[in-house]
Amino acid sequence: MTKHDPKIPVRPIWVRVSDVALWFGVSRATVYRAAARGEITIHRQRGSRVHADEMDRWLRGGGGSTVA
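Sequential numbering from 113 applies to the sequence shown in our numbering.
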């Protein structure tokens with residue numbers, strides 16, 4: 113079993129919509145609109161959450177760069 117090095121940040125697997133918006137520099141409404149367009153998937157898990165892999169996919173697709 114390996115131990116976590118506290119100097120290396122660990123990104124959470126599930127991220128709150130408000131944090132996604134903060135990281136991308138957009139509003140929560142923009143994140144929800146992106147979900148409505150099928151650009152990102154929001155899951156209901158202890159509130160609205162986005163999987164970290166979805167954030168990466170959205171970033172590669174230009175997520176947050178356009179205001180809708």
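Note that the Cβ used here is the ideal one computed from N, Cα and C, for glycine as well.
Quick one: what's got a C-beta closer than 8 Å to G173's C-beta in the same chain, skipping five residues either side?
The residue labelled residue 173 in the question sits at position 61 within the sequence shown. These residues qualify, in order along the chain: E151.
DSSP three-state label for S130, please.
As a first step, residue 130 is located in the sequence shown; it is residue number 18 there, counting from the start. Helix, per DSSP.
Integer-rounded CB distance, given that R140 should sit under 8 Å from S130:
Position 18 of the sequence shown, counting from 1, holds the residue named residue 130. Position 28 of the sequence shown, counting from 1, holds the residue named residue 140. Yes, they are in contact, since the Cβ atoms of S130 and R140 sit about 6 Å apart, within 8 Å.
In its own chain, which residues sit with a C-beta less than 8 Å from the C-beta of L171, not counting the 5 before and 5 after it?
Here residue 171 refers to the residue found at position 59 when the sequence shown is read from its first residue. Same-chain partners within the cutoff: F136.
Suppose contacts are defined by Cβ-Cβ distances below 8 Å. Is H155 in contact with I125 by that definition?
By 1-based counting over the sequence shown, the position of residue 155 is 43. By 1-based counting over the sequence shown, the position of residue 125 is 13. In this structure, I125 does not lie closer than 8 Å to H155 by Cβ.
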